[in-house]
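To start, the structure itself, in structure tokens.
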Amino acid sequence: MLFAGGRRLNQSFSDVFSRDYQLIKADPKHSLYLACALILRGKVNMSDIRRNIERLQPSLRFVHWNQQGWKTGHCSVPPIGQAYSVLSLANNTCFRHTLSDISERFNKLFRRKAHLHHYTAVDGMELDQLTQSMESLNSLVCKYESLETTMGVPTVHRPRFRLA
Numbered sequence: 000m001l002f003a004g005g006r007r008l009n010q011s012f013s014d015v016f017s018r019d020y021q022l023i024k025a026d027p028k029h030s031l032y033l034a035c036a037l038i039l040r041g042k043v044n045m046s047d048i049r050r051n052i053e054r055l056q057p058s059l060r061f062v063h064w065n066q067q068g069w070k071t072g073h074c075s076v077p078p079i080g081q082a083y084s085v086l087s088l089a090n091n092t093c094f095r096h097t098l099s100d101i102s103e104r105f106n107k108l109f110r111r112k113a114h115l116h117h118y119t120a121v122d123g124m125e126l127d128q129l130t131q132s133m134e135s136l137n138s139l140v141c142k143y144e145s146l147e148t149t150m151g152v153p154t155v156h157r158p159r160f161r162l163a
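What the sequence shown shows, in numbering that gives the first Met the number 0, is residues 0 to 163, in sequence order.
Okay, structure coming up:
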């Protein structure tokens with residue numbers, strides 16, 4: 000998500016977390032972040048970066064083991080024709096919806112055996128590899144879902160002490 004131009008810097012930081020500015024159909028603010036990187040170009044002070052991260056931190060949910068899961072990169076050379084730009088690269092559980100859609104579309108084609116001959120004609124490629132790939136993808140979707148439902152907190156049962 001690249002932003003620059005006449006916008007205010009604070010608004011650019013807010014926009015990179017808005018669903019209207021995502022490359023996929025997703026709403027990252029209502030999902031769980033595993034990590035987030037902000038990459039900036041142009042004349043942006045480190046104090047502005049820190050202030051915006053602190054401003055946005057309360058509205059974003061991070062997993063318990065990575066509450067400060069931010070990385071920042073800054074290049075002082077502005078993009079051509081712009082004063083600055085902000086790019087967010089994030090690992091967020093909202094991505095599971097996109098992966099689920101891919102899985103559903105693949106399964107529709109796979110059940111019909113559509114286009115399989117293109118893949119099985121390649122030396123060393125077998126149907127089992129496609130099946131294993133889909134199992135791996137579905138496993139990843141399940142892991143994202145479990146993180147979302149548990150909010151990233153491990154579900155460990157700890158027995159209570161009993162007084163004798």
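Don't be surprised by glycine CBs; every beta carbon is placed ideally from N, CA and C.
As the structure is a prediction and not an experimental result, all values here were calculated from the model.
If distances are taken between C-alpha atoms only, which option among the options comes closest to residue i?
i      : options                    : result
Gly75  : Ala113, Val43, Thr148      : Here residue 75 turns out to be Ser, not Gly, going by the sequence shown. Measuring from the Cα of Ser75, the nearest candidate turns out to be Val43.
Lys24  : Ala36, Gly80, Thr92, Asn65 : Thr92
Ala82  : Ala120, Ser132, Arg40      : Arg40
Asp100 : Met133, Asn65, Arg161      : Met133
His29  : Pro57, Ser84, Ile52        : Pro57
Tyr143 : His96, Leu86, Arg50, Arg54 : His96
Using the Cα positions of residue i and residue j, report the straight-line distance between them to the nearest angstrom.
i      : j      : result
Thr130 : Ile38  : 37 Å
His117 : Asp14  : 42 Å
Trp69  : Ser11  : 17 Å
Ser164 : Ala120 : Outside the shown range of the chain, which is 0 to 163, sits residue 164, and nothing can be said about it.
Arg111 : Leu126 : 13 Å
Asn137 : Gly80  : 43 Å
Leu146 : Leu33  : 9 Å
Gln21  : Phe94  : 11 Å
Ala3   : Asp26  : Because Ala3 carries a pLDDT of 44, less than 50, the predicted location of this residue cannot be relied on, and the following value inherits that uncertainty. In a straight line, the C-alpha of Ala3 is about 21 Å away from that of Asp26.
Who does residue i pair with in a DSSP beta bridge?
i     : result
Leu37 : Thr71, Ser87
Leu31 : Arg60
Throw me the rounded Cβ distance for the residue i and residue j pair, which I believe falls under 8 Å.
i      : j      : result
Val140 : Ser102 : 7 Å
Ile48  : His73  : 7 Å
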